[in-house]
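Encoded as C-alpha cells, the structure appears first; notes follow it.
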Amino acid sequence: MHDTDTLAESSGDLSVDIAGLTRVEGEGSLRLQVRNGVVEQAHLEIFEAPRYFERLVVGRTPDEVIDIVARICGICPVAYQMTAVHAFEHGLGIEIDPAVRALRRLLYCGEWIESHALHVYLLHLPDFLGYPSALEMAHDRRAAVEAGLALKRTGNRIVELIGGRAIHPVSVRVGGFSRSFRRTEIAALRQPLTAALEVALQTVDLVAGLDTPQFERDGRLVALRHPSEYPMNEGRIVSSDGLDLAATDWRSEFSEQQVAWSNALQARGRDGRPYLLGPAARITLAGDRLHPMAAAALARTGLAAEIAVNPYRSIVARAVELVDATAEALDLIEAYEPPHEPAARWRPGPCSAAWATEAPRGLIFHAYELDDQGLVARAQIVPPTSQNQAAIEADLAAFAPRVLDLPQREATLRIEQLIRSYDPCISCATHFLDLTVENVG
Amino acid sequence: MPAAYFLPRNELDRLFGALVADGRRIVGPTIADGAVVYDELNSSAELPYGRTADTAPGSYRLRTTGDRRAFDYGVALTSWKRFTHPSLIPLTRAHRDADRIVVESVLEEPPKLAFVGVRACELAALGIQERAMRAGPAGDPDHAARRDAALIVAVECAMATSTCFCTSMASGPEVDHGADLVLSELDDGFVVRVESDAGVPVVASLGLRAAAPDEVERATAQVAAVREVIGDPVAANGLAARLRTALDHPRWSEVAERCLACANCTLVCPTCFCTSVGVASDLDGADASTERSWDSCFSLGFGRVAGDANFRPKVRDRYRQWLTHKFSTWWDQFGSSGCVGCGRCIAWCPVGIDVREELAAIAPVSAPTGPIPWPPSPPEGRAPAALATITPARHVIATVRSVVPETADSVTLRLATNDEAVLDARPGQFVMVELPAFATPPISISRIRPGGLDLTIRSAGPATAALTGLVAGAQVALRGPLGRGWPIDAAIGRDVVIVAGGIGLAPLRPVIEAILGERPRFGAIRLYLGARTPRDRLFVAEMNALAGRADVEVAEIVDRAGPEWLGQVGIVTQLFDQAGWDGSRATAFVCGPERMMQATAVTLAERGVNPTAIWLTLERNMACGVGTCGHCQLGPFFVCRDGPVFSVAELGTAFGREGL
Amino acid sequence: MATRDLTTVLDATWFAADLTTEATGRLAALGSLADFAEGTIVVREGEVCESLGVVVSGRIALRLRLPGGQDRTILTVHPGDVFGWSAVLPQPIATSTGVAVMPTTAVLFDGNRLKLALAADCDLAAAIYGRLLVSVARRLTATRVQLLDLYRPGNEPW
Amino acid sequence: MEPPELILPGRRGPRSGTPQRPRIGIVKFASCDGCQLTLLDLEDELLTIADRVDLVEFAEATSRRSAGPFDVLFVEGSISTAEQVQEIARLRAVSHRLVTIGACATAGGIQAIRNWFDPDEVRAAVYPEPTYVESLAQARPVADFVAVDGELRGCPISPGQLREFLVALVTGRRPQLPDEAVCLECKRRGVVCVAVAQGIPCLGPVTRTGCGAICPAYGRGCYGCFGPRESANTTSLARWLSDDRSAADVGRLFAGFTAWSVPFRATIDAYGGPPGQVLPARETDDA
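Chains as they are written, first to last, in my numbering: chain A, 1 to 441; chain B, 1 to 660; chain C, 1 to 158; chain D, 1 to 287.
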C-alpha cells in the first residue's frame, strides 16, 4: 500500500505498523489490527530490551537501591529515587526533618519542570504546529523554543543544585541528603525560577489556544491526593470512581498481569479495568490542591472539564503543572531553613517497604522486602507507563476508526500524536517485553 | 621596638581588624567537611578552636581537644598554594575573525590577602614554590602577583601530628624567616613577632604591650618540644645523591603495586606546581579561551608526547618521577629540596603510602652509591635561560606571508613579524604556535630571516593540521622564541657533522645557514640526512644545491624506496658508520626521532666524537615553554628551558632511559 | 688486474682494511675485479649466489620483490661494504636481488673457492667471517630500526 | 592505550574549506535514555548545535528518521538482545565514526550485573512467563560487538564533555576528555577527601574524571559511574578497603554502573562476585 492510500480503502485483514515511535522516551511502536475497516486491536509494542531492575536490586542496601532505580529512567530519575527513599523510610520507621522533606519536594519540582518542559516544548508542541521536531520549529518560532528550553534549564538547575547533576542525581540518601544546603545556595534559584514562572504562565496561554482534535475518552483516572498539597511525594490513592486507598496498599487494588495477546505485563485494576495516570488525572482528581497561581491559570483556560476526557488536552494539564511546580518551588525557597543534620541516623534491618509518589507521568509505586541484614530480598517497581499502557491501547482502539479514512501518512501522524499526548516513557517501562507480533485474522 | 609583643587571646579579632584595615581579606584555618581547610574568614570565631587533627598514613580525623587553642591542628588539607597558585585560572581569551586573530591575557588582579596561620613548613613551601614559579627573569606573572599581594601571619607549631617531618627537611617547626608576623599561641594569648616592614604598621596599630620574658620563654620551649616530638624521621643528609643513584631499585615496582597514581599527593603538596592548559571555544571556533589547572605527573596524559608515545607509561615511572623530583632533582633545578615535611602526602594518600618509609627503603643511608646518572648541577640549581619577555600569557601575532609546500603532509609557513624578541631568535629555538580554539604545539624555527621566521610543520594532529592548512594573510599567535639554541660557537674551528632524521631537518636548517654564513670559521661540513621515503625528503632543492658545493658534503638516505630511487637506502647511521673522517675534531648537531638520535649518538661516539660535542634536540611535551608547567621534565632538566638542545654528556644516562 | 693491485684496492675498503697484509694478499688472490653497468643485476633473489662481492665504487641496491607488486629497495651497499654474503653459506641462495644503480666496480670472490680457502685457513676465516658478521649485524640492526618506521607521522597530543 | 582518533577527515581546521554539517545520528539500545537526553539538556546551546550539525537520526527529539550513513553515530545502551546484535552491526557499517555514550554502551551499565547471574533465574524473577522474554544471557558493551571509535563515559555522560565533544567535532580539534582519576578534579575543587577524612569508601582514585567530582563534593564516595581510569589500580584500593570491611562489602562497591568493565569486573570476582547472586526463596503468595 502507498502512503496516500487510506486505511479504510485497504481490503481484508490488515496490520498497520507505526514502527519506531518518535519523540517519546525509549523505543516502541504501535500495531493496529484492522479487519474490513474495523479496528479490532491496538497494541503498543515495546522493543526496549528488558533490564530486570527488580532482580538487580536484590542483595543491595537501601542507599544502593536509590542509586540503582534512578537508572530505570533518565527522564524522571528523581521520581524513582523519591519513591524508593520514602518507601524505605516508611518501612524502617525513620523520621525525617521537615526541612529535608521540603528539599525533596523542591528537588521533585525541579524534575517536574524539566520533564514537563521537555514534553511540552520539545516532544509535543511540534505536533500541534506541524513540525517534525522542536529544532525545525525553532526556525520559525525560535523565541518560543528558547523560552521552553530556558524553562527546562530552570528545572535542571534545581536538580543540579540539590542532586549534584540533572540526570541521576547523587545526593538522595535514606534519612535525608548526603550533604546540607545553605540558605544562600538555595536562594540562588530564586532569580531563574521567577523568570521561569513567567514563562510557565505564558506556556499555559500558548497551549490552551492550540487547535485540538475532539476526542473523548471515558475511562478511570487514578492519582494521589494529599490533604493540603498538590500530590507529589505523598498522598492517598484516589480514582475518578471513588477509590480512596493508602499509597502503601497499591497492591490491594491494582496488579500487574501478563495479558495473553500482548506478552507484556500491564498494571490494571483488580477487576481488569485499565486506568489512566498523569497530569490530566491529577488535575481532575486534585485540581483543588493546585497552587493558587496554577489554579488561576487553569481557570483562565476554561478547559478543566475537557482535560479530564480529551487526551490531546494533556498538554494544557502539563502547562498548568509547570506553573504549579515553579510557583511551589519559589515558595519552598522562600521558606527554606537548613535541616539540623543532612540525614537522620538509622540502622539497617528487616522490613516491608512500600510507597507511591507522583512522577511527572503519573503515579509510581515501589515495594521492597528487606531481609535481616537490611538488604533487599524482593522488589516490585511499577512505573507510570506500564500502568497507562492498557488505557492507551484502549484509547487508540477507540480513536483509530476516525482516521481510517485519512491517507496513511496523515493517519499515522494523528495516531502518533495521540500516543505522544500520554507522554509514554518506554525506557521506564521495565516490564515491557519485546513483543512477537502475531497475525490475527 | 621590642622583640616581641603580647596579644591577649580575646583580642585576636583586633589583629583581624588591623589586617582588614590594611585592605586585606583574611584567609585562615576553619572546619569544613571533617577537616581543617584554609578559607576566607570573617572573624576569628571561625578558627578551629579546641579542635585538633589526628593523622596517620591514609587517615585524617578531627578531634576535640578540650582546650581553647585555635592553632592546634597541624596543617590544613589545602595548602596555601590554593591562593598563590590557584587550581584553575583563566589565562587568555582569543578571537578569530576571518584571518585576523587577537589573543589577550585575562589574568586577574589578585586580591590583597592576609594568610593567617602559616606554619614554618608552609612558609618554606611558599618560598620553594616561588623559586619554581618565578625562577629567574621569566616565570609566572600570576603567581608573582598573588604572592606579592599576600601578607603572611605565621603561627609556630605547638603540637605535631604523626605525619610531620619538617625537622628532617630543615623547614621547621621554628619560623625563622619569610613571614611578616609570627604568632606563638599560648593558653592565654599570642606572642607576636614582627619580621618584616609590612608587619610593622599592622602591629603598631594594635598598641600591644611587650611580651614578658616568661611568655617568650614559654613560646620558645613549646616549639622546642615539638622538635623533640618529631625527632628526625628522614635521613636527609645525602638523600638527593642516594636517590639519584637508586633509579633501578626494585622498590619502585613494589610501591607501584600499592600506588593508585591518583595524584592526591601532588595536589595536596604545597610545592608541587605542575599545570596543564585547556582550550575552550564556541562552536565556530571564533571565540576561544584557555585556562590553566593543576595537573600531576601521576597522570598518564602528563607524559604524553607526539607519535602516540609516552615517557612515563608505568605507575612505577610516575612514582619515581615524583619522589626523585621532590627529594633529588629539585636540588638540581632550584638548589633546594622540593619537600618541606608537612606530611600531607602521607595523610591524604588513599592507601596510606608513607614517603618516609619509601625513602628509607629506596635510599637507605647505607646504600652503596652507584654511578651518577647525570652530571651534578651547581648547588644553587641550574641557571634558567634568559627569557625576559616570555611569559605564559604574552603572545606575538605574526602574519603568514606565504606557504611553501614541502612534502605531502608538511609545509613551511613564512611568517612576518616585527617583534624584536621573536626576530632575535637563535638557531635551535622554538616557538609555541597558537590558533584560537586549538591546542598550542611547540614548533621549531626552520629559518630566521630579517622580518620574520619560517616554521616547517608536519600535519600530524588537529592543531598542526589547522596550521598547515593556513593560507597567506592568515595570522597565528606566537610565544617565544623559547629554549636554548644550538651552541654554534662551540663548533668554531672544528669540523661540523649534522645528522637529521625526517622533519628533524627543520630545526637544523638555521644551523646550516648560520655556519655557511661564516663558512671560513669552520672545518669540514658534513650533512647526513635520513627520511622515510624519497617523497618525504625535506628542503630538497636547497639540499641539492648544498650537495653541489665543493665545501660541503651532503649524503642522504631513505628508509625504503621503490626501484626508481637510485640513492641510498638504509638508516642514517649507515651514511657515516664506515666513513673515514676523524670524529675527535668534530662537533655534531643531531635532530630526529629520539630512537634515531640514540643510534646516531652511539655511532658518532664510535667515530670518536666526544659526548660533550654531540648536541641533540629532545622532544618532550613542552607546554608553557618556560619551565613552570612541569610537563617536559627529564631528570633534572626542563627540556623547554634547559634544552631542548642538550649535549649527550649533559644528559648522561637520562638520555634514552625508559620511564624518565 | 694483477693481485698486487687488487690488494691495494681491498686495503682501501672498510671490509678488508683491518686485515693483515698476508690475509689481504691471500684474499686478493681469490678475487677479481668486475665492472657493472648501471642496471646490471649482480645477484638475483632466490637463485644461487655465486660470488661474495666488495663494492669498490658505485652503489648496489638490494631489492625484495613485493608479492604481486613492485620491487622495494631495502638497502643499498656502499663502497667498502659487501654484497652476496649468501655465497659463503652452506646453501648459497640469494636473499635479495642486487642491482647496480650506477656504474659500479666490485671485487668478486667465487663462493665455493672462498669457502674452501677459509676452511683451510683458520686465521683468514676468523678475519673474514668476523668482518662479515659485523656487516650482517649492522644490516640486522638497520632493518630493525627501519621496521620501527621512526619517521612515520604519529598522532600528536595537540 | 591512546584514545582513538576522533577527528573527521576533511574536517580538520578552520581553513579546510566550506564547512559541511556533519550528519549525526543518536540511537539507543538497552538504557534509560539519560545520555541522549543530555544533548537536550544543553539547553543554552541546543539550537546552535542543531544549526552546526545535521541531526539526521534522533528518535527521542525528532520525527525525521535516517538509516544512515552517519558521519558520527552516538550509541547509547548495552547490547542485550539478538536483534540488537544485528542492528549494531548494521549501524557500524553505515557510520564513519561510532561513539558510545554512557556507561551502558561503554561498559554494559547496571544491567550487566545480571551477567553474573543465571539468565533463566533472572527472567523468572521478574516475569511470570519468563519464556516469552527474549534477551541474551548477558548485557554487554558495544565494543564487544563492533569497533568503537570513541567513548563518552558516565552514567549519565557529562553535559560538559558532550559539549566539548561536539565543539571539537565542529571545529576540527581533538576533544579534551581526560582519562585521569576523579581525585584530580576533587582536589582542584578543594573538596575534602571523604575517604581520608571520614573513612567513606570512594572509587575516585580508580575512576575516570569527567563528572566534576560530584559525589565527594556532595559528601559521599564516588561510585565509579565513569568507569575505570587509565592505570586503575583496583587491586590496591580493594586491598586497602578490605581492612575495614567484609569481602562482600568490598565487592559491592565496584558492582555498580560500570561493574562489567575489565578492572572492576576482576575486582568484583576477586571479592566473591556482586551482591544478589543467590535469589532468596520466593514466597508463594504474590500480592
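Where is the CB? At the ideal position from N, CA and C, for every residue including glycine.
- In this model, C/A29 and C/V54 are separated by some 14 Å (Cα to Cα).
- Straight-line measurement puts the Cα of A/R289 at about 27 Å from the Cα of A/L125.
- Excluding sequence positions up to five before and after B/L566, its CB lies less than 7 Å from no other CB in the same chain.
- A direct Cα-Cα distance of roughly 40 Å separates B/F646 from D/E151.
- Note that the C-beta distance between D/I157 and A/G164 is not below 9 Å.
- The distance from the Cβ of D/L37 to that of A/G74 is about 5 Å, consistent with a contact at the 8 Å cut-off.
- Distance from the Cα of B/V404 is smallest, within the candidate group B/V540, B/V626 and B/I101, for B/V540.
- A contact is defined here as three or more CB-CB pairs under 8 Å, and the segment 112–131 of chain A fails this definition with respect to the segment 185–202 of chain D.
- No Cβ-Cβ contact shorter than 9 Å links B/A463 with B/A524.
- For B/G58, the residues of chain D that pass the 9 Å Cβ criterion are A195, V196 and W240, in the order they occur in the chain.
- By the beta-carbon neighbour count (other beta carbons within 10 angstroms, threshold 16), B/N237 is exposed.
- Taking the CA atoms as reference points, D/R208 sits about 5 Å from D/D179.
- Exclusion of the five residues before and after D/V250 leaves A238, L241, S242 and Y271 as the residues of its chain whose Cβ lies within less than 7 Å of its Cβ.
- Residue burial is scored here from C-beta neighbours: D/R174 has at least 16 other C-beta atoms within 10 angstroms and is therefore classed as buried.
- Around C/D71, the same chain offers R63, L64, R65 and T97 as residues with beta carbons nearer than 8 Å, after the five sequence neighbours per side are excluded.
- The DSSP-derived three-state label of B/T55 is strand.
- One finds nothing in chain B with a Cβ atom closer than 7 Å to the Cβ of C/T24; even the nearest lies about 17 Å away.
- In the DSSP assignment, D/I268 falls within the unbroken alpha helix (DSSP H) covering V262 to A270.
- Distances from the alpha-carbon of B/G341 to those of B/I128, B/D332, B/I515 and B/S444 put B/I128 closest.
- For D/R97, the enclosing beta strand (DSSP E) begins and ends at S95 to I101.
- Contact of D/Q161 with chain B is not assigned, every C-beta pair being separated by 9 Å or more.
- The segment 56–66 of chain B and the segment 195–212 of chain D touch, with three or more beta-carbon pairs separated by less than 8 Å.
- Rounded to the nearest whole angstrom, the CA to CA distance from B/F83 to B/P29 is 13 Å.
- Within the DSSP bridge table, the entry for B/W294 names B/T275 as partners.
- The contact set of C/L148 on chain B, defined by CB atoms closer than 8 Å, consists of R595 in chain order.
- For C/E156, the closest Cβ of chain B is nearer than 9 Å.
- Bridge partners of B/G28 according to DSSP: B/D39.
- In the same chain as A/E95, and ignoring 5 residues on each side of it, the C-beta atoms closer than 7 Å to its own belong to A344, in chain order.
- Listed by position along chain C, the residues whose Cβ is nearer than 8 Å to that of B/Q568 are R59, T76 and H78.
- A distance below 9 Å separates the beta carbons of D/R140 and D/S80.
- Per DSSP, A/S29 lies in no alpha helix (DSSP H) segment; the continuous beta strand (DSSP E) that holds it begins and ends at G28 to R35.
- Pairwise C-beta distances place the segment 153–165 of chain B out of contact with the segment 293–310 of chain B, as fewer than three of them are shorter than 8 Å.
- Taking all protein chains shown into account, A/R270 has fewer than 16 neighbouring C-beta atoms within 10 Å of its C-beta and is therefore exposed.
- In this model, D/G172 and B/R535 are separated by some 27 Å (Cα to Cα).
- For A/E306, there is no enclosing beta strand (DSSP E); the enclosing alpha helix (DSSP H) covers residues A304 to V309.
- With contacts defined by Cβ atoms closer than 9 Å, A/R60 and A/V376 form a contacting pair.
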